[in-house]
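Using this note's numbering, the first residue of the sequence shown is number 2, and each one after it goes up by one.
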Amino acid sequence: MTIEQFDQMKIDLKLKPYVFRITPKGKIRMTQGDKYWQSNLRSSNTKRRNRANMVKKYFDYKDALNILALKNGYRLDDYCIIESHIPIPPSYRKNKKKVARLMEQKIHQVKPDADNILKGFKDCLAANGDSHIWFDLSVKVYTMDTVGQIIAYL
Numbered sequence: 002m003t004i005e006q007f008d009q010m011k012i013d014l015k016l017k018p019y020v021f022r023i024t025p026k027g028k029i030r031m032t033q034g035d036k037y038w039q040s041n042l043r044s045s046n047t048k049r050r051n052r053a054n055m056v057k058k059y060f061d062y063k064d065a066l067n068i069l070a071l072k073n074g075y076r077l078d079d080y081c082i083i084e085s086h087i088p089i090p091p092s093y094r095k096n097k098k099k100v101a102r103l104m105e106q107k108i109h110q111v112k113p114d115a116d117n118i119l120k121g122f123k124d125c126l127a128a129n130g131d132s133h134i135w136f137d138l139s140v141k142v143y144t145m146d147t148v149g150q151i152i153a154y155l
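Shown next as structure tokens:
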């Protein structure tokens with residue numbers, strides 16, 4: 002599906018957009034040991050401490066996304082259609098930024114994966130699990146903004 006086809010689908014289905022001004026993050030792989038992430042933040046083991054920081058950032062993202070969903074009046078329905086606008090990383094060199102600027106509003110084909118962003122979005126907003134969702138669609142595009150955004154459609 003191209004971006005143009007996706008835009009036409011949004012018009013045809015008369016989908017209402019809900020904008021979340023937050024940089025999209027993919028769902029991280031969690032283990033049983035990750036439930037002790039708060040105690041691991043003070044660990045002397047660097048690997049364990051780094052992992053705990055990653056888990057903390059993900060939980061902060063979940064909390065922020067839930068707050069934005071409450072403010073916007075968004076609730077997850079039987080389907081989930083999202084458009085992720087991912088900012089161009091500041092670490093890109095001039096040449097790469099120039100190419101990325103040309104790619105604004107074009108398909109984003111590097112990490113994080115679209116399905117991981119979608120999993121993270123559903124994980125944040127589906128407190129009782131996401132088994133009721135029978136259709137999902139995710140699109141990633143570049144943006145020149147310093148903060149990304151997620152646009153969910155209902």
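Here a beta-carbon is modelled for each residue, glycine too, at the ideal position from N, C-alpha and C.
These numbers come from a predicted model, not from an experiment.
- Listed in chain order, the non-local C-beta contacts of residue 59 below 7 Å within the same chain comprise 26, 29, local neighbours out to five positions each way being set aside.
- A distance of 8 Å or more separates the beta carbons of residue 85 and residue 48.
- DSSP, reduced to helix, strand and coil, places residue 47 within a helical segment of the structure shown.
- With respect to residue 83, residue 119 sits close: the two C-beta atoms are nearer than 8 Å.
- A distance of 8 Å or more separates the beta carbons of residue 19 and residue 54.
- According to the DSSP assignment, residue 123 belongs to the alpha helix (DSSP H) that extends over 115 to 126.
- Assignment of residue 154 by DSSP, reduced to helix, strand and coil, places it in the strand class.
- An exposed status is given to residue 130, since fewer than 16 other beta-carbon atoms sit within 10 Å of its beta-carbon.
- Residue 141: not part of any alpha helix (DSSP H); member of the beta strand (DSSP E) spanning 136 to 144, first to last residue.
- When DSSP states are grouped into helix, strand and coil, residue 23 belongs to the coil group.
- Sequence-distant Cβ neighbours of residue 17 in its own chain, meaning closer than 6 Å and more than five residues away, are 155.
- Contact between residue 21 and residue 71 fails: their C-beta atoms lie close to 11 Å from each other, not under 8 Å.
- The beta carbon of residue 124 is closer than 6 Å to those of 28 in its chain, skipping five residues each way along the sequence.
- The continuous alpha helix (DSSP H) containing residue 12 extends over residues 4 to 13.
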